Structures are given as C-alpha cells and as structure tokens.
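Colleague: One structure, as structure tokens, below. Some questions next.
Chains as they are written, first to last, in the numbering used here: chain A, 6 to 367; chain B, 6 to 367.
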C-alpha cells in the first residue's frame, strides 16, 4: 500500500503532513473500529496524527456523561464493555468539534442519524477530507434507493468510500481473525482514499481488502439481511443444511443481479469473492438477529413486530425492513417477479403467505 | 430442457427409443439418487424405460443377501434405512448384468472401487451410453490428479459428466429442498448428456443446474473438504464467525485458483455461483465429518488417525487425505507457497504446526 499523505491543519492550526482522524459514531461497531484506528495511528505515526477523535452522542451512564466516562476509563461501558480503548482515542460529545481539521472521517452511525449529522456538519468539514461509510443499510427516499456513501458525498462534498465485511464487532474488538472490504470510487482520488483507510484499519487480525466498487460493498451490507430472513425461515421449517445453502446461494445471486440492474459500476466479484459479499452473507445467515427472528417467526407464528418487541427490545429488524423497501422499489418498476427470493421473503413476512411456500417460489 | 432420446436395446433385445438407466452403486447417496431416478423414469415415461437397475455390492444383511432384501422390501436397510425406493428400482448384485443395454450410467461408488469396477465393465457397456460421475474425491496417480469423470471416460470410452452439490443424502431422500449441479463436456454431445441427466434427476425439491465445466464441478467436490478442515480448526480454536467465514472465503478462492491453474476449461462461476461450489462449501463447513474431526483435533490434541478410529470407525477422512494429495502435487511443481490455506491445513494436520498459526499463514 502507498503511504499517501496530504497536508492538513493540525489541531493547533499549524500545517502538518499527517492525517487527522475523526470517528463519527461510538456504538458497538464504532468503538471497535476506533480501537483499531487508535492503535494504527500510533503504529503508523509517519502518516497519522496520534490523537483520534471519536464523536460520542452524549447520554447518561450511571449518572455521568458517557463521553467523560470513556475518556476517564478508556472503555465504552455502554456499547463495548470489557474492551480497552487506546489512550489516544478521545471521546468528544460535539460532532462539529470532533471533525474540526480532520482529514479522514469515519462514519459509523446508526442510519437514522446520518442525515441530521450531515446537516450539522455541512460547511464544517475540511473540503479535502477523505470519508468512509460503515453505515449498515441503504437510504430509501421518494421511491429510490441510495447508498450512504453517496448521501455523505453529496451532503458534504467530499469523496466517500464504504467499508463492510464479515465483522461481528465484539469478535473484532477481541482481535479474533476477521477480514473486511473497502469499496472505493473510480480514479486516482478514490484509490488514494481506499489506501489511506487501508493503512488506518489493516492489522494482522483485521485484514482489509480493497475493490473499486463502493455501491457493491454498500449494497451487500444491506441486502444480505433479506437473505438472512429467508435462511432463518429454512431453519424454522427444519429443512436442513441443503435447503439453507441453496437459499443462501440463490440469495447471493439475487443480491448481485439486483445491484447490477439498478446501480452503476458494480463488480460481480464484490458479491461472490469478497468479505463484504459471500463471507458476510455466511456469518449473517449462520448467526445474527435477522436469521434468529425469522426462525422464531416460523416456529411461533408470531408476527415480526411482536418478535421485535420480544427479542429485540422493540428495535426494527433490518432484514424485513429492507425486504419491504426493495419490494416497493421493484414494484414501482414492475420488476418484482424478477427477484423470486426477495419476493418470497416479502410475501411471507408481510402478506401472510405460508413459509412452506418459500422454495416453490424460487 | 430438450427431451433428447436415443435408440437403445431394451432388455428383451429389441430396439427401443427409450433410455435404459443403470445406477452403479447403492450406498447412502446411491440409494437416494436411485429413488429420484426411479420416480422420474416413471414420470417421464416417454424418455425412460420404466425399470431402473441398481448395482448392489452384495453383502450379508441379517443372514440374507442385501440385494434380495432391497428387492423384497423396496428399502436399503443398510445404507438408507427408513426410505422407500420405488418398485421400478431393481437391485442387481452383478454390475455387468445391471449395465447390460443401459444407455445411461450413473456412477456413485466409493472412489476406491471405481478402477476395479471399470475394469470389470470394459467392453461390456453400450458404446453410445451416457455416463455421469457422482463420485466424491479425485484420483491421484503418479503425482497427477485426475477427476473420476475422466477416469471413467478413458476406461470405458463413453462421454461422462459430473454431478455435485450441497447434497446431504438423507435430506435429499426425505425430499427436503436441495439444489445440485451437473458439469458437462464441451460440444453438442456433452450438452445432450447433461440434458438427459437433468431430466432423470430434476424434481421440484431437487433442482438441477447445468454448467459446461466437468472438471470444476468434480474439483469442488474434492477440494471443499480441505477447506472444511480449516473451518473445523477455527471452530476448535473458538475463533468465532468472522474467522470461519474468512477461512471459507479464502478457501473458496484457493479452490478456484488451483483448478484454473492445473485444469482446462474451468469456469470461475462453478466455484462462486453454483450449488457444487459455494453452496456445497457452506454445508460442508457447517456440518460434516471433516469439520467435526478438525474441531476435535484442536480441542483434544489427538492425531487425525486416532480421531478416525474414534469418530469414524476407522474410515479415512477425505479432507486430510486430499490435503496431503494436493500438497504432494504442489510440492512436485514448486507451488506449495502459492496456496497458503492448503499449505496451512497440511502443515497443521501432518507437520505438527500449531493450529493457532492458521491465519498468520494466510
């Protein structure tokens, strides 16, 4: 990897040739990735400034502000308990202050907060900053589906890559071996962007792959959850390993075909060969809340909104949500029947079709 | 699919336009596939003769010949207990008699019996017969690796396709949803061959895909077991879902690269998109004896030959066997280091390298 470095303003206002990193978000995944970025900023002190800012949405933790607790204990006891963050990761309750002078921005917020955060940051980020989106899901607006890297790029006017992969946060935080994938934009700037983030994140136990396909990497992270619902149905039905593997294979190819049909610059191997594609699909269909709730849906006969209350504390399930969004998108274009697995998931989850009909519809 | 049909000699010696099917083998998978072939021979009575011969290696079953028990009870109580075979599947203890006048031969024997069976059949099969190999593994001879479809084709002088997929036999026998893949030869004859076998096997719960890649389909079935050993190591080490998915992804790409480097006519999508490729890899790395023994190897510290005795009744494990064969093949060509996952599996299984070193070698 190249050690591309750009001039940036240091926090003291003087010019520096080192990159200043800000992590925008501090949930389970945000804290895990801040830990890696913190370690690598120290390891590659030729490229990165030592201090890594981490924006923390301020909330109370046992009577004290969470950001203060993190800075005193070097741990995020609310979202990543038991995992020590390096001292150079500094929690900051002001997002505007956290990104001040930053040349590298890592967006790792829950998707419902991304628009409001971008509005707050507009005009306040370094126009030459590099950004990366680790946000799960896609934005659906006016019947269109947008990836968050595009949303961020448009809102802030800066280049944005995407990172996704078979990355259960708690495993990454324990340095258990993982791979991940950065999808970047075309051209020199896109590649430089990816190489910088490669250097910020790659470690011997968190191996970063790079592919020129920001949309593919982003869509994998959203669409896999729909396939995980189908895989969970097969678990609930007790159909065995052959059926589950078949559903995963068919789902992977629908994910790829959907992305190729409706997005530009998709590389098929993003789906079939990268950690963001086939590997993340495997982890998501084996473990994960989407699979689990879909299994319970079949076994208990309870509707998904009730299971969300019982199993997820009322949080919305991404897979059924994305299945609905994809269905509406396809319906508006008269293409529902071209994606039989997506259609079957929607019909079973929302239209009362018997889950036993899953494979007869493929 | 076309309903291609060829002239053949019927068992009475008169010419018939229908295909006569013989299944060479009657183990767990052989019996499951004979059941499907029997049903489809009846369903497509325009294409197939009603009777399906099934060669049974004669052995004693509770004081009676197994073939006789199968023909009286329409069940193979030894290898597929509890599953009714259709009445038109006829067990035959003579392989020469079973294939007499057959125009379609299904080879589904344990690989150690294939050479002796081919020798016995030489000159005794219809020279226009179509064959398909469902034999797991590869033949290693004089430092070379051959697929069994080639071995059969050369020994008997007839066209041979290959069938492989995410096909746990007991699940297929219960009509649980499965997919499978036929890999066929180039040209019209290869395609006709595949279409005939498609018609013989495809059902609403056993969906057959076709690809022009007999070597790729065969190699998937052999090499996946090496990857399953690596996946089992990660289970034994308790490394979690990220690491296991990463090892599966890396393994899938090594399988593809190995096949592309050393075999002709390989299609990459056989590995990344078919049931024989990615789907079978998933089932094999999730369940299966290779995964299980590799997990036990790490957890107990016992050598594989001891685990084979304890867990497999002394049967040889395919994954470690194939890892050794692939290693010798690569060593003879100075290419061991080009396949780090295959190398790591070999080193851990045979050279006493600590399984913890698995991913540091990738």
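The beta carbon of each residue, even a glycine, is placed where N, CA and C say it ideally should be.
What you are looking at is a predicted structure, and each value in this text was computed from that prediction instead of being measured.
1) Within a Cβ cutoff of 6 Å, which residues of the same chain sit near residue 240 (chain B), ignoring the five residues on either side of it in sequence?
2) Provide the residue(s) that pair with residue 285 (chain A) in DSSP beta bridges, ordered along the chain.
3) Under 7 Å Cβ to Cβ from residue 89 (chain B), same chain only, skipping five residues before and after it: list those, please.
4) Would DSSP call residue 24 (chain A) helix, strand or coil?
5) Check whether the Cβ atoms of residue 298 (chain B) and residue 286 (chain B) sit closer than 7 Å, and answer yes or no.
6) Can you list the alpha helix (DSSP H) stretches of 4 or more residues lying completely in the region 308-333 of chain B, in chain order?
7) Would you kindly report the start and end of the unbroken alpha helix (DSSP H) that includes residue 126 (chain A)?
8) Which residues does DSSP list as the beta-bridge partners of residue 168 (chain B)?
9) Work out the CA separation of residue 100 (chain A) and residue 122 (chain A) for me, nearest whole Å.
10) Find the residues of chain B that neighbour residue 181 (chain A), judging by a C-beta separation of less than 7 Å, and give them in chain order.
11) Starting from residue 280 (chain A), find everything on chain B with Cβ-Cβ shorter than 7 Å and list it in chain order.
12) Mind listing which residues of the region 206-230 of chain A have their C-beta closer than 8 Å to chain B's C-betas, in chain order?
13) Give the list of continuous beta strand (DSSP E) stretches no shorter than 3 residues that lie fully inside the region 190-218 of chain B.
14) Of all the options B:293, B:342, B:351, B:220, which has the alpha carbon lying nearest to the alpha carbon of residue 143 (chain B)?
15) Leaving out five residues before and five after residue 249 (chain A) in sequence, what residues of the same chain have Cβ atoms less than 8 Å from its Cβ?
16) I'd like to confirm something about residue 353 (chain B): is its beta-carbon nearer than 6 Å to some heavy atom of the ligand ATP, or not?
17) Could you have a look at residue 135 (chain B) and say whether DSSP puts it in helix, strand or coil?
18) Compare the C-alpha of residue 49 (chain B) against each of B:356, B:320, B:293, B:208 and name the closest.
19) Do you know whose CA, among A:31, A:40, A:57, A:38, lies nearest residue 23 (chain A)'s CA?
20) Give me the Cα-Cα distance between residue 40 (chain B) and residue 117 (chain B), rounded to the nearest whole angstrom.
21) For a contact defined as C-beta to C-beta under 8 Å, what are the partners of residue 198 (chain B) on chain A?
22) Where do the ends of the beta strand (DSSP E) carrying residue 96 (chain A) lie?
23) Quick one: what's got a C-beta closer than 7 Å to residue 379 (chain A)'s C-beta in the same chain, skipping five residues either side?
24) Measure from the C-beta of residue 283 (chain A) to each C-beta in chain B and report whether the shortest distance is under 7 Å.
25) Taking 7 Å as the CB-CB cut-off, is residue 259 (chain B) touching chain A?
26) In the DSSP assignment, find the beta strand (DSSP E) that holds residue 303 (chain A) and state where it starts and stops.
27) So with CB distances below 8 Å, who are the chain B contacts of residue 173 (chain A)?
28) Can you check whether the C-beta of residue 19 (chain B) is within less than 7 Å of a C-beta belonging to chain A?
29) Residue 60 (chain A) by DSSP, collapsed to three states: which one?
30) Are the C-beta atoms of residue 6 (chain A) and some chain B residue less than 7 Å apart?
31) Quick check on residue 13 (chain B) - is its C-beta less than 7 Å from some C-beta in chain A?
32) Is there a C-beta anywhere in chain B that falls below 7 Å from the one on residue 144 (chain A)?
33) Buried or exposed, going by whether 16 or more other CB atoms sit within 10 Å of the CB of residue 294 (chain A)?
34) Specify, as a first and last residue, the run of the beta strand (DSSP E) that residue 111 (chain A) falls within.
35) List, in chain order, every chain A residue whose beta-carbon is nearer than 9 Å to that of residue 140 (chain B).
36) Here's the rule I'm using: 16 or more other beta-carbon atoms within 10 Å means buried, otherwise exposed. How should residue 246 (chain A) be labelled?
Modeller: In short:
1) Position 235 of the second chain, counted from the first residue, corresponds to residue 240 (chain B). The answer, listed in chain order, is 300.
2) Residue numbering aside, residue 285 (chain A) sits at position 280 when the first chain is read from its first letter. DSSP lists no partner for residue 285 (chain A).
3) The residue given as residue 89 (chain B) occupies position 84 in the second chain. Excluding positions up to five away in sequence, the list reads 79, 80.
4) On the first chain, position 19 is the one that residue 24 (chain A) refers to. Residue 24 (chain A): strand per DSSP, three-state reduction.
5) As a position in the second chain, residue 298 (chain B) is number 293, starting the count at 1. As a position in the second chain, residue 286 (chain B) is number 281, starting the count at 1. Going by C-beta atoms, residue 298 (chain B) is not nearer than 7 Å to residue 286 (chain B).
6) For the region 308-333 of chain B, the full-length alpha helix (DSSP H) segments reaching 4 residues or more read 309-317 along the chain.
7) As a position in the first chain, residue 126 (chain A) is number 121, starting the count at 1. 119-126 is the extent of the alpha helix (DSSP H) around residue 126 (chain A).
8) Taking the second chain and counting its residues from 1, the one referred to as residue 168 (chain B) is at position 163. DSSP, once it has assigned bridges, lists B:187 as partnering residue 168 (chain B).
9) Numbered from its first residue, the first chain carries residue 122 (chain A) at position 117. Numbered from its first residue, the first chain carries residue 100 (chain A) at position 95. Near 8 Å, if we compare the C-alpha coordinates of residue 100 (chain A) and residue 122 (chain A).
10) Position 176 of the first chain, counting from 1, holds the residue named residue 181 (chain A). Near residue 181 (chain A) (Cβ distances below 7 Å), the residues of chain B are 244, 245, 247, 248.
11) For the purposes of this step, residue 280 (chain A) is taken as the residue at position 275 of the first chain. Those within 7 Å of residue 280 (chain A) in chain B are 251, 254.
12) 209, 210, 212
13) 211-216
14) Residue 143 (chain B) sits at position 138 when you count from the first residue of the second chain. Nearest of B:293, B:342, B:351, B:220 to residue 143 (chain B), Cα basis: B:220.
15) Position 244 of the first chain, counting from 1, holds the residue named residue 249 (chain A). 236, 239, 240, 290, listed in sequence order.
16) For the ligand ATP, the structure offers nothing, since it holds no ligand at all.
17) In the second chain, the residue the question calls residue 135 (chain B) occupies position 130. Here residue 135 (chain B) sits in strand by DSSP.
18) Taking the first residue of the second chain as position 1, residue 49 (chain B) is located at position 44. Nearest option by C-alpha distance: B:208.
19) Reading the first chain from its first residue, position 18 is the one you call residue 23 (chain A). Out of A:31, A:40, A:57, A:38, A:57 has the C-alpha closest to the C-alpha of residue 23 (chain A).
20) Position 35 of the second chain, counted from the start, is the residue given in the question as residue 40 (chain B). Position 112 of the second chain, counted from the start, is the residue given in the question as residue 117 (chain B). Computed Cα separation, rounded: 24 Å.
21) On the second chain, position 193 is the one that residue 198 (chain B) refers to. Neighbours of residue 198 (chain B) on chain A: none; closest Cβ ~24 Å, over 8 Å.
22) The residue you call residue 96 (chain A) lines up with position 91 of the first chain. Where residue 96 (chain A) is concerned, the enclosing beta strand (DSSP E) stretches over 94-97.
23) Residue 379 (chain A) is absent from the model: chain A starts at 6 and stops at 367.
24) To locate residue 283 (chain A), count along the first chain from 1; it is residue 278. Chain B contact via Cβ: present.
25) Residue numbering aside, residue 259 (chain B) sits at position 254 when the second chain is read from its first letter. Taking Cβ atoms only, chain A never reaches closer than 7 Å to residue 259 (chain B), which makes this a no.
26) Position 298 of the first chain, counted from the start, is the residue given in the question as residue 303 (chain A). Premise fails: residue 303 (chain A) lies in the alpha helix (DSSP H), 294-305, not in any beta strand (DSSP E).
27) For the purposes of this step, residue 173 (chain A) is identified with residue 168 of the first chain, where counting begins at 1. Ordered by position in chain B, the residues that pass the 8 Å Cβ test against residue 173 (chain A) are 245, 246, 247.
28) Here residue 19 (chain B) is taken as the residue at index 14 of the second chain, counted from 1. Reliability fails at residue 19 (chain B), whose pLDDT of 46 lies under 50, so the model's placement of it is uncertain and the value that follows must be treated cautiously. Interface annotation, residue 19 (chain B): not in contact with chain A, CB-CB separation never under 7 Å.
29) Here residue 60 (chain A) refers to the residue found at position 55 of the first chain. In the structure shown, residue 60 (chain A) sits in a strand (DSSP, three-state: E or B).
30) Stepping through the first chain from its first residue, residue 6 (chain A) is reached at position 1. Any reading at residue 6 (chain A) must be qualified, since the residue scores a pLDDT of 39, below 50, and its modelled position is unreliable; no value is offered.
31) As a first step, residue 13 (chain B) must be located in the second chain, where it is residue number 8. In this prediction, residue 13 (chain B) has a pLDDT of 46, which is less than 50 and means its spatial position is unreliable; what the coordinates show is noted afterwards. Residue 13 (chain B) does not count as touching chain A.
32) Here residue 144 (chain A) corresponds to residue number 139 of the first chain, with the count starting at 1. Not closer than 7 Å to any Cβ of chain B, the Cβ of residue 144 (chain A) fails to qualify, so no.
33) Position 289 of the first chain, counted from the first residue, corresponds to residue 294 (chain A). Label assigned to residue 294 (chain A): buried.
34) Mapped onto the first chain, residue 111 (chain A) falls at position 106. Residues 109-112.
35) As a first step, residue 140 (chain B) must be located in the second chain, where it is residue number 135. Those within 9 Å of residue 140 (chain B) in chain A number zero; the least Cβ separation is about 19 Å.
36) Taking the first residue of the first chain as position 1, residue 246 (chain A) is located at position 241. With a 10 Å radius around the Cβ and a threshold of 16 neighbouring Cβ atoms, residue 246 (chain A) comes out buried.
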